[in-house]
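Read the structure below first, then the notes.
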Amino acid sequence: MKRTFTAYITFIAAAGLAFIGTEARAQQLPQFSQYMLNPYVINPAASSMHSDVDLAMGFRQQWTGFDGAPQTYYVGGTVNIGRKPQSSGYTYGIPISNRKMMNSGITERKSKHVVGGLAAVDEYGQFQRSSVMASYSYHHPIGESYYLSVGTSLGWYGMNFGAGNVILENTNDNTYNDFIANGTRANLFDINAGAMLYSDRLFVGYSIYQIGENQIEMGNNGTPAGLSNTRLAVHHFAMAGYRFTLTDQIDLTPSTLFKLRGPAPPSFDINVKADFNERVFVGLSYRYEDAVSILGGIHINDWLRVAYAYDYVTSQINNLSSGSHEIVLGVRFDRKK
């Protein structure tokens, strides 16, 4: 669809605030409401934590009803290529706390080597950022039930401005012509890193993204819309949560996520998720000064799950938006299965 110059200015403002802001240094990475189900999207060390193969694809429509609002598509996965745990003996029993009714054996825990990848497309008005990242993480067993993992990911960011979809009210507009004179594409390479301490109940993690703070070579330096002086901002994420067993059928997992982006004010999420009979789950999340999220999902079988989240916007943009929607489809299984 062709856009007028007025709409083009709107896109520049939206992208500057949500994607490539200079002075504000706002969030440049896509926002997710369901990172609790797929923490790999914000931490390369959170890979194949509870299964050998962990695949996911997702779509997020942010600020529905707002023209040029962000959209994100992604697909990714991780695979444990390390040695499989080996059984060192068998014991039989029916502990009350074990829903499986029988403990089939004692396993010798091994270190894990996990490789993965994530491909994503983020659209913000007339701007689009594509990314392809590859990751590696090492998971070392600690004690009888914990793992400590460290990981890194690196890859390519491709940025593009859709000049072909802009119709100018004034074809001689110098700001616009200067902006596109130096090209409407930019390519960058960057690196991320993270660490996780986790068990089947507890997780604590930290990650840092866009470590290289690479410069965006797009637009003309001499124009107000020029982005050549803009750099990728370092993002810090810290997350933690614990799963409590309330009854034989109900587990409750409170968690939190702390986010810091350069000189911008810190932000945080507070979440709670309830699992029913390890099949159906519902949750509630509060994102500071931004949104309240309601999420739910179902484990269709032992390896396939689907989840949906709706964000009610609480910020000033609420008058222009009817909320945000996010859906995730996930596949998890072990190699032996």
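The opening position of the sequence shown corresponds to residue 217 in my numbering, with each subsequent residue numbered one higher.
Backbone N, C-alpha and C fix where the C-beta goes; we use that ideal spot for every residue, glycine too.
Remember, predicted model here, so these are calculated numbers, not experimental data.
One alpha carbon belongs to R548, the other to L520, and they sit about 7 angstroms apart. Each of V382, D467, V498, S249 was checked against the Cα of G284, and the nearest Cα belongs to V382. For T294, the enclosing beta strand (DSSP E) has its first and last residue at 287–296. The beta-carbon distance between M273 and L545, rounded to whole angstroms, is 5 angstroms. This is short enough to meet the 8 angstroms contact definition.
As the crow flies, the alpha-carbon of G359 is around 34 angstroms from that of G371. When the Cα atoms are used, V366 and F419 turn out to be separated by approximately 13 angstroms.
Annotation: T294 to G333 spans about 7 angstroms, alpha carbon to alpha carbon. When the beta-carbon positions are compared, A261 and G292 stay at least 8 angstroms from each other. Burial check for T288: the Cβ neighbour count within 10 Å reaches 16 or more, so the residue is buried. Counting C-beta atoms within 10 angstroms of its own C-beta, Q247 has 16 or more neighbours from the protein chains shown and is therefore classed as buried. Contact annotation: E339 and P286 have beta-carbon atoms nearer than 8 angstroms. DSSP places Q344 within a strand segment (E or B) once states are collapsed to three. For Y504, the secondary structure class from DSSP, reduced to helix, strand or coil, is coil.
The continuous beta strand (DSSP E) containing L364 extends over residues 362–377.
Under the three-state reduction of DSSP, L536 is assigned to helix. About 4 angstroms separates the Cβ atoms of Y425 and N408, confirming a contact at the 8 angstroms cut-off.
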